[in-house]
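K.L.:
One structure follows; several queries about it will come next.
Residue numbers (our numbering), protein chains in the order written: chain P, 378 to 699; chain V, 378 to 699.
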């Protein structure tokens, strides 16, 4: 059982390549909207974050991320809500879809099955079906690519060549080597992952993977906001803290690294391969995944098991009548 | 010097009350927009977060928060950008204002002086001037109330009675008592402040105050997202962690508290006085401020000093030609 999730990570290139051929079912009712809403929790939520980050510098309509049961008041018949849930049964996401349909928004869906797939079929909502039988967080590249495909049918184009994008996942050996070194570095620490705003989704992905696979607490900070408050906490840093800095060609990242080194903080700087923001974040996510599994091994915990999340989902099922 | 900032906190009611009489200078060029952008760093950024949280359930136009140098691509002549900076010299915020003016957006400003005030006067931008000579983070209630006033001139109404809102700050004695107990509880810990999505701005405010005044590291988590990844990190929690849960009448908060107690996590639940989201967050901010100053005393550090932030600002001045 130990290596089940590792096996999936090691197949990311193949899984991603398959995803580039996924079909988009159904047709948009229209393709002009006044705003876009991205709804998803956990790993699906990271897909939302990444798309937001790319659209921040390219979308002419406002984009909002929802990681909750409630949709914003500005959801209307002029909105497009894109819902992502691997299982198709995430109650938060299901709720946002119901509410969006109620106000007449266009809704499209990425899922592997569950109630969301049922709903998409019954209501004729545009959707992409990813491979079932994977562990949700390890299905990440399929969720990302499926969402890119789905959005492009609405003329929201984030990537002109999906096959090229997947190439960044080919060199498993080098990713694995980097990840093993990183796991060794972080193993007995409280990792603080720091990035600039545009790489925030990747920093969060690292944290989530450390939480779920490695059963570790972790913390994320974002520059330049970090330099307005969190920085002061590093004047008397806790010994257990180690820092992982996600490199970008950014003045404030330079300041950050100098500052932390000056404080004697144990840190590593991760430089990302890739031609653009999206491929760099996909590459970084691969390192995050493998590092978190190696950390699980070093810590003697089972990467696959997330008992606490199961407890939460059981609780919700008992208490919420959806 | 030790008590300078405490003196300001102890005058919050008076400062807030003064703010209700601040004048809005200049007139909106128009009052219908397709989207609202809130720009501010640090304590000013928390004002943005709080306004976002209230507007999430009431605004018919999308709202975006910017804590960075760059504005989103969807900023246009149909946008309203509200910039908040106590000093008026925050380079990130200044940059967003320049960019917004370049694309023809309506810009309005809350500040105590600096380049932003100069710009507001020269360009005739609607603005509110808060009291100068305060420490920025301690000027929080004035920044909040000034922003509420400014937005209401654009018919964006978040609070019908500002004077009533300030009443929540009157009972200093009881706030002080709660804060002393909380400081005692948190003094040797890594505080993890957990709230639901709508109270996220308050959770962040606690963290920022602990960072700046108490020179402590701290971490924020938000439910329900917490239950999809971070929760697993609590299966093997670090001994140094203590949790502050911000109470709200919310199923998932109940689950959270039960879960943490079941894990033996040392936690306190903060129940907030107030009639609505805004007054509760203002009340909570008062507790955050006083707690952070008492923590500074317990830790033997000077609450006023934030040398690292000064280093950052010096660095920016040297390296950025604005």
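Cβ coordinates follow ideal geometry from the N, Cα and C atoms, glycine included. Small disclaimer: the values here were computed from a predicted structure and weren't measured.
Taking only the alpha-carbon atoms, compute the straight-line gap between residue 625 (chain V) and residue 650 (chain V) and give it to the nearest angstrom.
P.N.:
So the alpha carbons of these two residues sit roughly 11 angstroms apart.
K.L.:
Quick one: list the residues of chain P neighbouring residue 437 (chain V), beta-carbon separation under 9 angstroms, in chain order.
P.N.:
The answer, in chain order, is 450, 451 and 453.
K.L.:
Buried or exposed, going by whether 16 or more other CB atoms sit within 10 Å of the CB of residue 381 (chain P)?
P.N.:
With fewer than 16 other Cβ atoms within 10 Å, it is exposed.
K.L.:
At what residues does the alpha helix (DSSP H) containing residue 561 (chain V) begin and finish?
P.N.:
549-563 is the span of the alpha helix (DSSP H), which, as asked, contains residue 561 (chain V).
K.L.:
For a contact meaning CB atoms closer than 7 angstroms, what does residue 692 (chain V) contact in chain P?
P.N.:
Near residue 692 (chain V) (Cβ distances below 7 angstroms), the residues of chain P are 632.
K.L.:
Give me the chain V residues within the contact set of residue 617 (chain P), using Cβ-Cβ distance strictly less than 9 angstroms, ordered along the chain.
P.N.:
The answer, in chain order, is 567, 615 and 617.
K.L.:
Do residue 545 (chain V) and residue 397 (chain V) come within 8 angstroms of each other at the CB atom, strictly closer than that value?
P.N.:
No, Cβ-Cβ distance for residue 397 (chain V) and residue 545 (chain V) is not below 8 angstroms.
K.L.:
Counting only Cβ pairs nearer than 9 angstroms, list the residues of chain V close to residue 686 (chain P).
P.N.:
Under the 9 angstroms cutoff, chain V gives 604, 605, 606, 608 and 609.
K.L.:
Suppose you measure from the CA of residue 665 (chain V) to the CA of residue 590 (chain V); what does that come to, to the nearest Å?
P.N.:
Those two C-alpha atoms are separated by around 10 angstroms.
K.L.:
Using the rule of at least 16 other Cβ atoms within 10 Å of the residue's Cβ for burial, across every protein chain shown, is residue 462 (chain V) buried or exposed?
P.N.:
Classification of residue 462 (chain V): buried, given that the 10 Å Cβ count is 16 or more.
K.L.:
Could you tell me if residue 499 (chain P) is buried or exposed, where buried requires 16 or more neighbouring beta carbons within 10 angstroms of its beta carbon?
P.N.:
Answer is exposed; the Cβ neighbour count stays below 16.
K.L.:
Helix or strand or just coil, what does DSSP make of residue 637 (chain V)?
P.N.:
Note: residue 637 (chain V) maps to helix in three-state DSSP.
K.L.:
Let me check understanding here. Comparing Cα to Cα, which of P:458, P:476, P:524 and P:456 lies closest to residue 488 (chain P)?
P.N.:
It is P:524 whose Cα lies nearest to the Cα of residue 488 (chain P).
K.L.:
Counting only beta-carbon separations shorter than 8 angstroms, does residue 532 (chain P) have a partner in chain V?
P.N.:
So, not an interface residue.
K.L.:
Determine the direct distance from the alpha carbon of residue 469 (chain V) to that of residue 378 (chain V), and round the result to whole angstroms.
P.N.:
No answer about residue 378 (chain V) holds up, because its pLDDT of 40 lies below 50 and its placement is not dependable.
K.L.:
Quick one: Cα of residue 483 (chain V) to Cα of residue 437 (chain P), how far?
P.N.:
Answer to the nearest angstrom: the Cα atoms are 17 angstroms apart.
K.L.:
Using a Cβ-Cβ cut-off of less than 9 angstroms, give me the residues of the region 668-682 of chain V that come near chain P, in sequence order.
P.N.:
Here the close residues are 676, 678 and 682.
K.L.:
For my contact list, residue 410 (chain V) and residue 456 (chain V) are in at a C-beta cut-off of 8 angstroms; report their separation, rounded to the angstrom.
P.N.:
About 6 angstroms; that satisfies the 8 angstroms criterion.
K.L.:
Can you list the residues of chain V that residue 444 (chain P) reaches, using a CB-CB cut of under 9 angstroms?
P.N.:
Neighbours of residue 444 (chain P) on chain V, chain order: 574, 599, 601, 602 and 605.
K.L.:
Under 8 angstroms, with one C-beta from each stretch per pair, do the region 568-585 of chain P and the region 610-626 of chain P reach the 3-pair mark?
P.N.:
A contact exists between the region 568-585 of chain P and the region 610-626 of chain P.
K.L.:
Taking only three categories from DSSP, how would you classify residue 665 (chain P)?
P.N.:
Of the three classes helix, strand and coil, the one that applies to residue 665 (chain P) here is helix, per DSSP.
K.L.:
Which of the three DSSP states is assigned to residue 572 (chain P) in this structure?
P.N.:
Three-state DSSP puts residue 572 (chain P) in a strand.
K.L.:
Say whether chain V places a C-beta atom closer than 8 angstroms to the C-beta of residue 380 (chain P).
P.N.:
Note that residue 380 (chain P) scores 49 on pLDDT, short of 50, meaning its location in the model is unreliable and no value can be drawn from it.
K.L.:
Compute the Euclidean distance between the alpha carbons of residue 609 (chain V) and residue 684 (chain V), then round it to the nearest angstrom.
P.N.:
So the two alpha carbons sit approximately 36 angstroms from each other.
K.L.:
Contact defined as beta carbons within less than 8 angstroms: I believe residue 561 (chain P) pairs with residue 444 (chain V). What is the distance between those atoms, to the nearest angstrom?
P.N.:
Actually they do not touch by this definition, with Cβ atoms about 34 angstroms apart.
K.L.:
Between the beta-carbon of residue 357 (chain P) and the beta-carbon of residue 383 (chain P), is there less than 8 angstroms?
P.N.:
Here chain P covers residues 378 to 699 and nothing more, so residue 357 (chain P) does not appear.
K.L.:
Quick check on the DSSP output: what are the complete beta strand (DSSP E) runs of length 3 or more inside the region 406-492 of chain P, in order along the chain?
P.N.:
Those beta strand (DSSP E) runs which fall completely within the region 406-492 of chain P and span 3+ residues are 412-416, 440-443, 456-462 and 483-488.
K.L.:
With residue 617 (chain V) as the anchor, note down where its alpha helix (DSSP H) starts and where it stops.
P.N.:
Segment: none, residue 617 (chain V) is in no alpha helix (DSSP H) and carries neither H nor E.
K.L.:
Please report the distance separating the alpha-carbon of residue 687 (chain P) from that of residue 637 (chain P).
P.N.:
Approximately 38 angstroms, taken between the alpha carbons.
K.L.:
Taking only beta-carbon positions, decide if residue 628 (chain P) is within less than 8 angstroms of chain V.
P.N.:
Answer yes: the Cβ-Cβ gap between residue 628 (chain P) and chain V drops below 8 angstroms somewhere.
K.L.:
Below 8 angstroms between beta carbons is the criterion; list the residues of the region 395-413 of chain V that meet it against any residue of chain P, in chain order.
P.N.:
Of all residues in the region 395-413 of chain V, 411 and 412 have a Cβ within less than 8 angstroms of some Cβ in chain P.
K.L.:
Give the residues of chain V in contact with residue 427 (chain P), contact being defined as C-beta atoms less than 9 angstroms apart.
P.N.:
Correct list: empty, because the minimum Cβ distance to chain V is about 15 angstroms.
K.L.:
Under 8 angstroms Cβ-Cβ, which residues of chain P neighbour residue 658 (chain V)?
P.N.:
Result: empty, since nearest Cβ-Cβ is about 17 angstroms, beyond 8 angstroms.
K.L.:
Please go through the same chain and pick out, in chain order, the residues whose beta-carbon is closer than 7 angstroms to the beta-carbon of residue 566 (chain P), but skip the five residues on each side of it.
P.N.:
Answer for residue 566 (chain P): 617, 618 and 619, listed in chain order.
K.L.:
In the DSSP assignment, find the unbroken alpha helix (DSSP H) run with residue 584 (chain P) in it and report its ends.
P.N.:
Per DSSP, residue 584 (chain P) belongs to the alpha helix (DSSP H) from 577-591.
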